[in-house]
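Undergrad: Below are the structure tokens for one structure; questions will follow.
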Amino acid sequence: MRILLIGDIVGKGGRNAVNLLVPRLMRDYDCQFCVANGENMAGGNGFTRQCLLELSNSKVDVFTSGDHVWDQKEFEKEILAFSNVLRPANLPDCQPGRGYGFFEAEDGATVAVVSLLGRTFMHTAANCPFETIERLLPELRKQTAIIVVDFHAEATSEKIAMGRFLEGKVSIVVGTHTHVATADQQIFSGGTAYQTDLGMVGSRDSILGRDIASVVGRFRTGMPARFAVNDKNIRLCGCAVTVNDEGRATSIERIAMDMY
Ligand SMILES: [Fe+2]
Ligand SMILES: [Fe+2]
Numbered sequence: 000m001r002i003l004l005i006g007d008i009v010g011k012g013g014r015n016a017v018n019l020l021v022p023r024l025m026r027d028y029d030c031q032f033c034v035a036n037g038e039n040m041a042g043g044n045g046f047t048r049q050c051l052l053e054l055s056n057s058k059v060d061v062f063t064s065g066d067h068v069w070d071q072k073e074f075e076k077e078i079l080a081f082s083n084v085l086r087p088a089n090l091p092d093c094q095p096g097r098g099y100g101f102f103e104a105e106d107g108a109t110v111a112v113v114s115l116l117g118r119t120f121m122h123t124a125a126n127c128p129f130e131t132i133e134r135l136l137p138e139l140r141k142q143t144a145i146i147v148v149d150f151h152a153e154a155t156s157e158k159i160a161m162g163r164f165l166e167g168k169v170s171i172v173v174g175t176h177t178h179v180a181t182a183d184q185q186i187f188s189g190g191t192a193y194q195t196d197l198g199m200v201g202s203r204d205s206i207l208g209r210d211i212a213s214v215v216g217r218f219r220t221g222m223p224a225r226f227a228v229n230d231k232n233i234r235l236c237g238c239a240v241t242v243n244d245e246g247r248a249t250s251i252e253r254i255a256m257d258m259y
């Protein structure tokens, strides 16, 4: 089977691009399952029920998240109604929602998806992501050989370390959060597809999806500023991974598609 993975969806422009392009990509790349990071879908910050409903026909099967998962206060309650949204599995157990799940792909295969949050250069209350996934693996494997991990983290080194930690143990480890796609996609030994960061679904004319002038201004002055989302000239970034019945990845191809 083939799995489509998409980076952080930023704002309305990102949502529109996902609605338009994901069904096309699923067809063109012959994918039967899609995972996308959704943590910036609501105006750049978190999730809302309305935004998720807007994406209900987009063909995205699972939305992973990260440090912005609770940016919208209402979502603490709303997440319970969305079985296709994952909060990071290594956040404290008392937080609402769940960090992993089992989902059925279009071809009938069961896919386990895990959302994990990094800790290096990040202000989070997250527990150790390595310990968390190590604890989860036996349970995941009992259900399926096809396991996808989205490691939402800032540091390239922490992400590669997670990829290597899970080498030969899961089907796919992809990174999100930096909004900049990396060109290091490869298949690790034992059949684990890896890419440090998938990039984003956001404006090409922006800084990480945000208005250029306000971000540059913040760096120059050090003064607090609001960063408006730029919803124009959207590029969708991600990758398509082929996984065999034993859960081993056999190919990974990077995807970047502009919306005109
Ligand atoms: Fe993000
Ligand atoms: Fe993030």
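Going by numbering that gives the first Met the number 0, the sequence shown runs without a break in its numbering and finishes at 259.
Just so you know, even glycine gets a beta-carbon here, dropped at the ideal spot from N, CA and C.
#1: Would you check if the region 183-202 and the region 151-167 touch, i.e. whether three or more CB-CB distances between them fall below 8 Å?
#2: Checking 8 Å against the spacing of the C-beta atoms, do I132 and G246 come in under that value?
#3: Can you find a heavy atom of ligand 2 that lies under 7 Å from the Cβ of G65?
#4: Assuming D196 contacts G174 (C-beta within less than 8 Å), just tell me the rounded distance between them.
#5: Distance check for G201 and V9, CA to CA, integer angstroms please.
#6: In or out: T119 buried (at least 16 other Cβ within 10 Å) or exposed?
#7: So does H122 have its beta carbon nearer than 7 Å to some heavy atom of ligand 1?
#8: Please list, in chain order, all residues of the same chain as Q142 whose beta carbon is under 8 Å from its beta carbon, the five residues on each side excluded.
#9: Residues bridged to G174 by DSSP?
#10: Terminal residues of the continuous alpha helix (DSSP H) containing Q49?
#11: Looking only at DSSP bridge pairs, what is Q185 linked to?
#12: Run through DSSP, which three-state label would S156 get?
#13: Can you determine whether any heavy atom of ligand 2 sits closer than 7 Å to the C-beta of E38, and answer yes or no?
#14: Thinking V17 and V61 are a contact (beta carbons under 8 Å), I'd like their distance in whole angstroms, please.
#15: Going by alpha carbons, who is nearest to M199 out of V215, M256, V84, G117?
#16: Going by DSSP, what residue range makes up the alpha helix (DSSP H) through V283?
TA: With the structure as the only source:
#1: yes
#2: In the sequence shown, counting from the first residue as 1, residue 132 sits at position 133. In the sequence shown, counting from the first residue as 1, residue 246 sits at position 247. No. Outside cutoff.
#3: Within the sequence shown, residue 65 is the residue found at index 66, counting from 1. G65: yes, Cβ under 7 Å from ligand 2.
#4: In the sequence shown, counting from the first residue as 1, residue 196 sits at position 197. In the sequence shown, counting from the first residue as 1, residue 174 sits at position 175. With a Cβ gap of about 4 Å, D196 and G174 count as contacting.
#5: In the sequence shown, residue 9 corresponds to position 10, counting from 1. In the sequence shown, residue 201 corresponds to position 202, counting from 1. The straight-line gap from Cα to Cα measures roughly 5 Å.
#6: Looking up residue 119 in the sequence shown gives position 120. Counting Cβ neighbours within 10 Å, T119 comes out exposed, since fewer than 16 surround it.
#7: Along the sequence shown, one-based indexing puts residue 122 at 123. H122 Cβ: outside cutoff for every heavy atom of ligand 1.
#8: Reading the sequence shown from its first residue, position 143 is the one you call residue 142. Closer than 8 Å at Cβ, skipping near neighbours: F101, T109, A111.
#9: In the sequence shown, counting from the first residue as 1, residue 174 sits at position 175. G174 pairs with F150.
#10: Counting from one through the sequence shown, the residue named residue 49 turns up at place 50. Counting along the chain, the alpha helix (DSSP H) containing Q49 begins and ends at 48-53.
#11: Along the sequence shown, read from residue 1 onward, the residue named residue 185 stands at position 186. According to DSSP, Q185 bridges with Y193.
#12: By one-based count along the sequence shown, residue 156 stands at place 157. Three-state DSSP puts S156 in a helix.
#13: Taking the sequence shown and counting its residues from 1, the one referred to as residue 38 is at position 39. Answer for E38: yes, Cβ within range of ligand 2.
#14: Working through the sequence shown from its first residue, we reach residue 17 at position 18. Working through the sequence shown from its first residue, we reach residue 61 at position 62. The beta-carbon separation of V17 and V61, rounded to 13 Å, does not stay under the 8 Å limit for a contact.
#15: Taking the sequence shown and counting its residues from 1, the one referred to as residue 199 is at position 200. With distances taken between Cα atoms, M199 lies closest to M256.
#16: In the structure displayed, the chain extends from 0 to 259; residue 283 sits before or after that span and is not available.
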